[in-house]
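Before any comments, here is the structure.
There are 2 protein chains.
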Amino acid sequence: MGRTHRNVTIRDVAKAAGVSKSTVSLVLQDSPKVAPKTRERVWAALDKLGYIPNAAARTLAQGRTGVIGLATVNFNQKLTERIYFSGIMGALLEVLAEHKYHMMIYNAAVPLQLAVDGMLFLSVNVDHPLVDQVKRARLPYAFLNRRTTDAETPYVSHDFAAGGRLAAEHFIELGHRHVGVLTWRPGIPPHKERLAGFQGALAEAYGGGATCTVIEATDLMPAAGYKGAMRMLSGPARPTAVFVSNYELLPGLLDCCRDLSLRIPGDLSVICFDDPWAAGAMDPPITVVRPASEEVGRLGAELIVSLVEGRQGRPAQTLISPRLIVRESTRPFDHRQ
Amino acid sequence: MGRTHRNVTIRDVAKAAGVSKSTVSLVLQDSPKVAPKTRERVWAALDKLGYIPNAAARTLAQGRTGVIGLATVNFNQKLTERIYFSGIMGALLEVLAEHKYHMMIYNAAVPLQLAVDGMLFLSVNVDHPLVDQVKRARLPYAFLNRRTTDAETPYVSHDFAAGGRLAAEHFIELGHRHVGVLTWRPGIPPHKERLAGFQGALAEAYGGGATCTVIEATDLMPAAGYKGAMRMLSGPARPTAVFVSNYELLPGLLDCCRDLSLRIPGDLSVICFDDPWAAGAMDPPITVVRPASEEVGRLGAELIVSLVEGRQGRPAQTLISPRLIVRESTRPFDHRQ
DNA sequence: CGGCTGAATTGGACCGTTCCAACACTTGGC
DNA sequence: GCCAAGTGTTGGAACGGTCCAATTCAGCCG
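So this is what it looks like as structure tokens:
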């Protein structure tokens with residue numbers, strides 16, 4: 104596995120085929136201007152020498168890389184969003200491939216070598232220093248999972264507020280008035296928006312005539328979910344319905360209910376934001392608000408490609424509404440309780 | 104977001120600072136040979152002009168990219184392994200970042216532009232055409248999740264056979280003699296190995312004195328898991344313990360047990376290969392054989408970096424044993440049944 | 001036969017870096 | 001006062017492609 108052996112260049116091929124390097128270059132881009140028999144001779148030489156084009160040289164010459172960057176902060180620590188991330192990444196890769204782009208993952212920890220035609224920021228806040236670097240390099244970019252207030256910055260994100268609203272409306276329809284939200288870091292935009300949407304819908308429906316207990320988990324480990332749920336559910340004024348704003352907190356809540364002998368949905372209705380794996384196979388199957396992450400990936404890829412290739416048309420700011428999927432963890436409030 | 108405005112080059116900076124481009128280059132690599140006041144002047148110019156190095160040019164000149172490629176086949180269709188993938192990718196990114204490498208994701212669908220220093224194949228079979236291309240380019244490479252029979256090809260994989268064995272041994276210890284395996288595509292190496300390990304341990308313990316029903320699911324959708332489980336469990340000779348060789352099949356099995364009123368672990372012990380999200384929060388918490396995917400990611404990253412940088416030392420072929428995590432879905436065979 | 005046209009091919013400039021050999025300028029020793 | 005040994009700085013040749021303008025050459029027409 105030596106790094107020795109100089110690689111075959113276009114010049115070597117040219118010599119072997121008895122033509123100039125320009126001709127070889129033309130053949131490689133299958134230009135129609137090359138005579139058939141010349142083309143064949145060049146192909147033979149190409150094959151024989153096992154020529155592999157040098158991507159850096161090509162990029163340098165034509166000023167494009169054929170690569171889109173995906174920047175995200177501390178991928179590995181975002182345990183939170185792992186499953187979600189892989190959903191979005193799968194869609195990104197698929198659509199980028201359709202447009203003949205590869206994808207490069209940037210880690211904020213490594214000095215940024217901008218070897219891309221455009222950059223996507225996934226769950227990176229708009230004021231992150233990384234963003235400035237990309238702006239200064241005059242690269243096209245777009246945000247995923249983050250929205251901005253201005254009208255220019257391109258983004259594709261979820262309508263988190265609408266998601267929170269969906270949950271609240273479902274509870275309202277079922278007659279619940281004492282509700283709770285189990286959340287995490289309500290300062291971070293996506294979580295803030297979920298909570299705001301939830302509380303907004305509640306206020307619209309009941310005015311002041313409802314109670315909403317908001318509990319903030321200290322982290323996303325199951326233990327924190329358990330502790331948060333316990334604080335919410337062990338008191339005398341426990342809510343009859345809970346909106347879990349992050350799926351990592353769900354297992355803790357379920358455990359807690361088991362320990363308190365609270366039955367779902369008999370004693371407590373539960374809606375979870377995100378549709379984690381097996382949510383539908385749990386006992387009972389959990390009602391969820393599912394963000395359309397594949398959709399975000401797909402639209403995000405289309406967006407950055409159109410920006411890179413200078414096409415117009417596609418709207419540059421998109422919000423996608425999550426869907427409510429009703430399963431068996433929610434039920435009408437029982438007034439006999 | 105125009106692509107117009109020519110980028111600032113090292114020459115522009117040199118002119119602005121009143122030095123030669125060589126000096127600027129030296130400053131950029133902070134060479135100690137530059138006089139302090141020159142250095143300062145250059146930095147000022149660098150800042151003022153907002154210089155951003157051109158990665159392609161640098162790569163071309165020094166013959167290294169600072170990027171490791173990760174190739175995988177149809178990422179998006181590998182729903183199977185999504186969660187697993189993100190675990191491994193997190194670890195890869197973390198370790199590569201420590202060594203100052205970025206990661207590029209190759210999609211087999213896009214013509215391969217080899218703009219990397221080394222390549223990792225994740226769950227790609229060793230005879231895949233992609234591999235040949237990389238070999239011909241004389242790039243260092245290694246396989247993840249696949250092993251080879253020769254002694255040279257570098258890989259980091261799981262000891263799947265040991266995983267199957269662990270499951271069987273646990274069942275044997277608990278006294279189960281009528282067991283089943285719910286599998287998928289037993290022709291694919293990782294699945295074949297799991298099954299072989301399981302059956303091997305069984306044969307060693309019991310000789311011919313055990314029955315092992317192997318059911319192959321048609322795909323990985325929950326419905327297929329359900330159908331497979333039904334075939335295995337609805338007959339009169341149903342096993343008392345089942346090894347689910349792929350976690351995607353687990354929800355179907357659980358549903359099936361609910362429908363047949365089989366209680367876990369009372370009527371049926373269950374072990375699942377892979378430790379999917381929330382397996383420990385299910386009712387009952389599921390006993391699993393957990394592959395150490397982060398470990399594979401970490402070691403894989405170290406391996407490819409050492410190959411790229413020409414260091415020796417690290418063993419080039421590693422198998423990592425999964426761990427058995429006993430929860431509450433397994434229990435001794437009850438002879439009164 | 002000379003001139004024109006178009007197809008096929010080619011040389012060379014260029015992309016933006018790195019890196020090496022050469023050069024200028026101090027400094028210090030004798 | 002001259003030479004040797006540094007210390008800083010620099011020009012220019014790579015790196016391996018692309019692409020444009022120039023060139024060659026055959027075929028055709030008047």
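Here the protein sequences line up with chains F and E, keeping their order.
Each residue of the first sequence is one higher than the last, beginning at 104 in this note's numbering.
Each residue of the second sequence is one higher than the last, beginning at 104 in this note's numbering.
Even glycine gets a Cβ: it sits at the ideal position worked out from N, Cα and C.
Proximal residues to E:Val176 (C-beta, below 6 Å), its chain only, five neighbours per side dropped: Locating residue 176 of chain E in the second sequence gives position 73, counting from the first residue. Counting only Cβ-Cβ distances below 6 Å, and skipping sequence neighbours, we find Ala211 and Val227.
Report the neighbours of E:Met385 on chain F: residues whose CB is nearer than 7 Å to its CB, in chain order. Your numbering for residue 385 of chain E matches position 282 in the second sequence. Close partners of E:Met385 in chain F (Cβ separation under 7 Å): Met385.
Take E:His281 and list the residues in its own chain whose beta-carbon comes closer than 6 Å to its own, dropping the five residues that flank it on each side. Position 178 of the second sequence, counted from the first residue, corresponds to residue 281 of chain E. Closer than 6 Å at Cβ, skipping near neighbours: Thr314, Pro342 and Thr343.
Within the chosen definition, does the segment 344-356 of chain E reach the segment 322-334 of chain E through at least 3 CB pairs nearer than 8 Å? Yes: the two stretches touch, three or more of their Cβ pairs being nearer than 8 Å.
So within the segment 264-347 of chain E, which uninterrupted beta strand (DSSP E) runs reach at least 3 residues, ignoring any that extend past its ends? 281-287, 314-320 and 344-347
E:Pro156 and F:Gln302 - do their beta-carbons sit closer together than 9 Å? The residue you call residue 302 of chain F lines up with position 199 of the first sequence. The residue you call residue 156 of chain E lines up with position 53 of the second sequence. No.
Using a Cβ-Cβ cut-off of less than 8 Å, give me the residues of the segment 212-239 of chain E that come near chain F, in sequence order. Ala212, Val213, Pro214, Gln216, Leu217, Ala218, Gln236 and Arg239
If F:Leu285 sits next to F:Met333, beta carbons under 8 Å apart, how far is it from one beta carbon to the other, in whole angstroms? Residue 285 of chain F sits at position 182 when you count from the first residue of the first sequence. Residue 333 of chain F sits at position 230 when you count from the first residue of the first sequence. The beta carbons of F:Leu285 and F:Met333 sit about 11 Å from each other, so the pair does not count as a contact at 8 Å.
Ends of the alpha helix (DSSP H) at E:Ala159? Here the question's residue 159 of chain E lines up with position 56 in the second sequence. Boundaries of the alpha helix (DSSP H) around E:Ala159: Ala158 to Gln165.
Counting along the chain, where does the alpha helix (DSSP H) carrying F:Gly400 start and finish? Position 297 of the first sequence, counted from the start, is the residue given in the question as residue 400 of chain F. Per DSSP, F:Gly400 belongs to the alpha helix (DSSP H) from Ser396 to Val411.
State buried or exposed for F:His438, treating a residue as buried only when at least 16 other CB atoms are found within 10 Å of its CB. Here residue 438 of chain F is taken as the residue at index 335 of the first sequence, counted from 1. Result: exposed.
Let me confirm a value: F:Arg114 is counted as buried when at least 16 other C-beta atoms fall within 10 Å, else exposed. Which label applies? Working through the first sequence from its first residue, we reach residue 114 of chain F at position 11. So F:Arg114 ends up on the exposed side.
Helix, strand or coil: which one does DSSP assign to E:Leu152? Residue 152 of chain E sits at position 49 when you count from the first residue of the second sequence. In the structure shown, E:Leu152 adopts helical secondary structure according to DSSP, grouped into three states.
Measure the C-alpha to C-alpha separation of E:Gly121 and E:Leu152 and round it to an integer number of angstroms. Walking along the second sequence from the start, residue 121 of chain E turns up at place 18. Walking along the second sequence from the start, residue 152 of chain E turns up at place 49. C-alpha separation (whole angstroms): 14 Å.
So with Cβ pairs under 9 Å, would you call F:Thr183 a contact of chain E? Here residue 183 of chain F corresponds to residue number 80 of the first sequence, with the count starting at 1. Reliability of the predicted coordinates at F:Thr183 is poor, the pLDDT of 43 falling under 50, and no value is obtained from them.
Tell me which same chain residues have a C-beta within less than 6 Å of the C-beta of F:Ala395, skipping the five on either side of it? In the first sequence, counting from the first residue as 1, residue 395 of chain F sits at position 292. Excluding residues within five positions, the ones whose Cβ falls inside 6 Å are Ile423.
Determine the closest residue to E:Asp378 out of E:Ser372, E:Thr390 and E:Asp386, with distance taken between C-alpha atoms. Within the second sequence, the letter at position 275 stands for residue 378 of chain E. Of the listed residues, the one whose Cα sits closest to E:Asp378 is E:Thr390.
Taking the alpha helix (DSSP H) that F:Leu353 falls in, what are its first and last residues? The residue given as residue 353 of chain F occupies position 250 in the first sequence. Residues Leu353 to Asp362.
Let me confirm a value: E:Asp262 is counted as buried when at least 16 other C-beta atoms fall within 10 Å, else exposed. Which label applies? Walking along the second sequence from the start, residue 262 of chain E turns up at place 159. The residue in question, E:Asp262, is buried, as its Cβ has 16 or more Cβ neighbours within 10 Å.
So for F:Gly169, helix, strand or coil by DSSP? Along the first sequence, read from residue 1 onward, the residue named residue 169 of chain F stands at position 66. Of the three classes helix, strand and coil, the one that applies to F:Gly169 here is coil, per DSSP.
Run through DSSP, which three-state label would F:Thr421 get? Along the first sequence, read from residue 1 onward, the residue named residue 421 of chain F stands at position 318. It is a strand residue.
C-beta neighbour in chain E for F:Trp65, strict 9 Å: Since the displayed chain F opens at 104 and closes at 440, residue 65 of chain F lies outside it and no answer follows.
Considering only residues of the same chain and omitting the five flanking positions on each side of E:Leu298, which have a CB-CB separation below 8 Å? Numbered from its first residue, the second sequence carries residue 298 of chain E at position 195. Answer for E:Leu298: Gly267, Val284, Thr286, Pro289, Val317 and Ser348, listed in chain order.
Could you tell me whether the Cβ of E:Tyr209 comes closer than 9 Å to any Cβ of chain F? Position 106 of the second sequence, counted from the first residue, corresponds to residue 209 of chain E. So, interface residue.
Within-9 Å CB hit, F:Trp380 to chain E: As a working mapping, residue 380 of chain F is identified with position 277 in the first sequence. Yes, F:Trp380 counts as interfacial toward chain E.
Tell me the DSSP bridge mates of E:Ala174? As a first step, residue 174 of chain E must be located in the second sequence, where it is residue number 71. According to DSSP, which records beta bridges pairwise, E:Ala174 is partnered with E:Tyr209 and E:Phe224.
Beta-carbon proximity list for E:Pro292, same chain, < 7 Å, skipping 5 on both sides: The residue given as residue 292 of chain E occupies position 189 in the second sequence. The residues are Arg249.
Cβ of E:Met222 within 9 Å of Cβ of E:Val237? Looking up residue 222 of chain E in the second sequence gives position 119. Looking up residue 237 of chain E in the second sequence gives position 134. The answer is yes: Cβ separation under 9 Å.
Please go through the same chain and pick out, in chain order, the residues whose beta-carbon is closer than 6 Å to the beta-carbon of F:Leu182, but skip the five residues on each side of it. Numbered from its first residue, the first sequence carries residue 182 of chain F at position 79. Interpretation of F:Leu182 is limited by its pLDDT of 45, a score under 50 that renders its predicted location unreliable; the figure taken from the coordinates is listed afterwards. Excluding sequence neighbours, F:Leu182 sits near nothing in its chain.
Could you spell out the range, first to last residue, of the beta strand (DSSP E) harbouring E:Arg393? Here residue 393 of chain E corresponds to residue number 290 of the second sequence, with the count starting at 1. For E:Arg393, the enclosing beta strand (DSSP E) stretches over residues Thr390 to Arg393.
Let me check understanding here. Comparing Cα to Cα, which of E:Phe188, E:Ile374, E:Leu196 and E:Arg167 lies closest to F:Ala174? As a position in the first sequence, residue 174 of chain F is number 71, starting the count at 1. Among E:Phe188, E:Ile374, E:Leu196 and E:Arg167, the Cα nearest to that of F:Ala174 is on E:Leu196.
Assess contact between the segment 159-166 of chain E and the segment 156-168 of chain F, defined as three or more Cβ pairs (one per stretch) separated by less than 8 Å. Is contact present? At 8 Å Cβ cutoff, the stretches touch.
Residues that E:Gly169 contacts on chain F, provided the C-beta gap is smaller than 7 Å: Numbered from 1 along the second sequence, position 66 holds the residue referred to as residue 169 of chain E. By Cβ distance, chain F contributes Gln216.
Please classify F:Ser260 as buried or exposed, where buried requires at least 16 neighbouring CB atoms within 10 angstroms. The count along the first sequence starts at 1 and reaches residue 260 of chain F at position 157. So F:Ser260 counts as buried.
Which residues does DSSP list as the beta-bridge partners of F:His261? Here the question's residue 261 of chain F lines up with position 158 in the first sequence. DSSP lists F:Ile423 as partners of F:His261.
Could you tell me the alpha carbon to alpha carbon distance between F:Pro368 and F:Glu296, rounded to whole angstroms? Counted from its first residue, the first sequence places residue 368 of chain F at position 265. Counted from its first residue, the first sequence places residue 296 of chain F at position 193. Approximately 26 Å, taken between the alpha carbons.
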